[in-house]
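What follows is a set of notes on a single structure, which appears directly below.
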Amino acid sequence: MDENNLKQLRRDLLFTNKPSGLHCVPSRALSDSLAAQIMLSYPGGKPCHRLDRDTSGIVLFGLTKENHRDVSMQFEARTTSKTYVALVSGHPDKECGIVNLPIGKRKTEEGFNRWTIGGEKPRENKRFTDTDTGAIFTRVQLKPLTGRGHQLRLHMKAIGLPILGDTIHGEGGIPLCSSRLCLHAQKLEVDWNGFRLEAESIPPF
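Numbering (the working numbering), first residue to last: 1076 to 1280.
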């Protein structure tokens, strides 16, 4: 892991900048992961949350069991604040909105589980439109209020604004619009020792 992508806070927490295409934790087929790379330098480090393989951006590690548990509980209690940046196909009809749709799993023809709209209780996500727009795309800020696999990707597709480069949920030319998924975890806020910590990562697109 490039040292430029690491920011340690004392001996307690480690903010990392995960690249697109790398799993947070080892998968069944692949042993390489962000967690495996971090373990080489920080043997006690564990991710307090996860990003999808194709999503880049901030992932926070607890460097002891106590620190990991404390921050992980904040994610479960939804007291953290997460901000993402995405490039989407099309243009929103308003600057700000809330998407509230259920997300569940379904079996594919190959027998794999895949996240999809429907099946469970609604998941919320705020959407803010940025000023950077092009002929066919818009840069948007996304703030998930709940957490679920592929939540941002599914919600944006459901409202007609699919994220560029999405090879799983994108249709037509969407997967070919970019060599990577244009979704980045830009900012993360957590509570720590009486302070509100904030880490930010510049989007690579």
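All C-beta atoms in this analysis are idealised placements derived from N, C-alpha and C, irrespective of residue type, glycine included.
Which term fits residue i, buried or exposed, when burial requires 16 or more other beta carbons within 10 angstroms of its beta carbon?
{"i": "L1256", "result": "buried"}
{"i": "S1041", "result": "Only positions 1076 to 1280 of the chain appear in this structure, which leaves residue 1041 out of reach."}
{"i": "L1115", "result": "exposed"}
{"i": "R1144", "result": "exposed"}
{"i": "S1164", "result": "buried"}
{"i": "F1055", "result": "Summary: the structure shown does not reach residue 1055, with the chain confined to residues 1076 through 1280, and so no result is reported for it."}
{"i": "P1279", "result": "exposed"}
{"i": "D1168", "result": "exposed"}
{"i": "P1101", "result": "exposed"}
{"i": "S1131", "result": "buried"}
{"i": "T1221", "result": "exposed"}
{"i": "R1228", "result": "buried"}
{"i": "D1207", "result": "exposed"}
{"i": "N1268", "result": "exposed"}
{"i": "I1178", "result": "buried"}
Could you tell me the boundaries of the alpha helix (DSSP H) in which residue i lies?
{"i": "N1142", "result": "K1140 to A1152"}
Just reading off the beta strand (DSSP E) that residue i is part of, what are its end residues?
{"i": "A1274", "result": "F1270 to E1275"}
{"i": "S1164", "result": "S1156 to S1164"}
{"i": "K1169", "result": "Taken as a continuous stretch (DSSP letters only), K1169 belongs to no beta strand (DSSP E), as it is neither H nor E."}
Tell me, please, which residues DSSP counts as bridged to residue i.
{"i": "I1282", "result": "Because the chain is modelled from 1076 through 1280, residue 1282 falls outside the range shown and cannot be assessed."}
{"i": "F1090", "result": "K1082 and L1135"}
{"i": "D1266", "result": "R1271"}
{"i": "P1122", "result": "F1136"}
Requested in this report: Flag this pair as touching only if the segment 1142–1152 and the segment 1163–1177 have three or more C-beta atom pairs under 8 Å; answer yes or no.
Outcome: Contact between the segment 1142–1152 and the segment 1163–1177 is not established, with fewer than three Cβ pairs separated by less than 8 Å.
Requested in this report: Determine, using beta-carbon pairs with one atom in the segment 1132–1145 and one in the segment 1082–1091, whether at least three such pairs fall under 8 Å.
Outcome: Judged by Cβ distances under 8 Å, the segment 1132–1145 makes contact with the segment 1082–1091, as three or more pairs qualify.
Query raised in the report: Can you list the alpha helix (DSSP H) stretches of 4 or more residues lying completely in the segment 1194–1264, in chain order?
Result: Correct list: 1226–1233.
Query raised in the report: For the 8 Å Cβ check, are there 3 or more pairs between the segment 1242–1262 and the segment 1224–1233?
Result: Touching, per the Cβ criterion.
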